[in-house]
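Once you know that position 8 of the sequence shown is 8 in the numbering used here, the rest is easy, because the numbers rise by one and skip nothing.
Where a beta carbon is used, it is the ideal one built from N, C-alpha and C, also for glycine.
Keep in mind it's a predicted model, so treat the numbers as computed, not measured.
The block underneath contains the structure these notes are about, expressed in structure tokens.
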Amino acid sequence: GEKAMQGMGYLEHGGEDETYHFKDEKMFLVGTSEQSVGPMHMDETLLEKDLPRRYVAFSNCFRREAGSYGKDTKGILRVHQFDKLEMVVLAAPDKSDEEHEFLLSLEEQLMQGLMLPYQVVKMCTADLGDPAARKYDIETWIPSEGKYRETHSCSTTTDFQSRRLNIRYKSADGKPQFVHMLNGTVFAIGRTLIAILENYQQKDGTIEVPKVLQPYMNGVKVISRNSSPS
Numbered sequence: 001g002e003k004a005m006q007g008m009g010y011l012e013h014g015g016e017d018e019t020y021h022f023k024d025e026k027m028f029l030v031g032t033s034e035q036s037v038g039p040m041h042m043d044e045t046l047l048e049k050d051l052p053r054r055y056v057a058f059s060n061c062f063r064r065e066a067g068s069y070g071k072d073t074k075g076i077l078r079v080h081q082f083d084k085l086e087m088v089v090l091a092a093p094d095k096s097d098e099e100h101e102f103l104l105s106l107e108e109q110l111m112q113g114l115m116l117p118y119q120v121v122k123m124c125t126a127d128l129g130d131p132a133a134r135k136y137d138i139e140t141w142i143p144s145e146g147k148y149r150e151t152h153s154c155s156t157t158t159d160f161q162s163r164r165l166n167i168r169y170k171s172a173d174g175k176p177q178f179v180h181m182l183n184g185t186v187f188a189i190g191r192t193l194i195a196i197l198e199n200y201q202q203k204d205g206t207i208e209v210p211k212v213l214q215p216y217m218n219g220v221k222v223i224s225r226n227s228s229p230s
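Here you go:
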């Protein structure tokens with residue numbers, strides 16, 4: 001609902017224009033899984049021994065892309081509905097930087113497992129949304145465009161979201177403090193498929209299946225026009 005979206009910091013400064021919502025009912029379609037996971041602990045006080053809380057969530061995501069009219073209109077790079085797997089962490093303040101680097105390391109491990117060419121970009125302040133205090137993007141090479149495109153992000157919001165959602169933890173000295181909240185992309189399915197298809201396409205037009213995915217493809221190692229599921 002509206003309270004959860006406001007708490008996560010996605011409605012101010014034009015953010016509402018990016019969402020699909022019912023104004024009268026004040027109900028929203030999420031643009032990322034973290035918008036559902038973070039508010040689960042609204043108005044809670046956790047114990048320090050239970051931190052960090054780490055979650056992985058899969059959801060359909062819906063975005064109007066109101067500020068991107070005319071950009072990337074072909075294909076599935078920029079769409080209004082897509083599937084995404086997201087990581088969310090609630091951590092003690094003195095551990096949040098460590099958790100941020102940990103999330104980034106997981107994203108890099110996944111990309112290295114797929115053997116996709118990528119680069120990590122540390123975003124400047126002007127490119128951060130309201131919630132984020134620091135953010136990394138992973139950009140993956142897209143051969144047809146001759147450039148790297150964003151496929152992942154990894155952000156720490158420090159206590160921006162937890163203050164708005166009133167999520168605290170009780171430290172060892174018994175004093176309640178606000179947790180720090182972080183999030184990172186596991187995979188945005190559509191953009192990952194683009195990267196795999198383009199980087200693994202052979203000269204004859206067939207698609208080599210990344211080795212790490214072959215066990216899930218019933219032994220299929222190459223996809224061609226004549227390929228059919230076993």
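Would you call the region 161-168 in contact with the region 132-139, where contact means no fewer than 3 C-beta pairs closer than 8 Å? No, they do not touch.
Drop a sphere of 10 angstroms on the beta-carbon of L90, count the other beta-carbons inside from all chains shown, and report buried for 16 or more, exposed for fewer. Result: buried.
Report the three-state DSSP secondary structure of D97 (helix, strand or coil). helix
Taking the alpha-carbon positions, what's the D50 to H41 distance? 13 Å
Inter-residue spacing [alpha-carbon to alpha-carbon] between Q35 and T206: 39 Å
Relative to the C-alpha of K26, which residue among A4, M87, I196 and L47 is closest? A4
Strictly by DSSP, which residues pair up with P176? K170
Using a threshold of 7 Å, state whether the C-beta atoms of S96 and T156 are closer than that. For S96 and T156, yes; Cβs fall inside 7 Å.
Cβ-Cβ separation, V222 to E208 (assumed contact under 8 Å), whole Å: 6 Å
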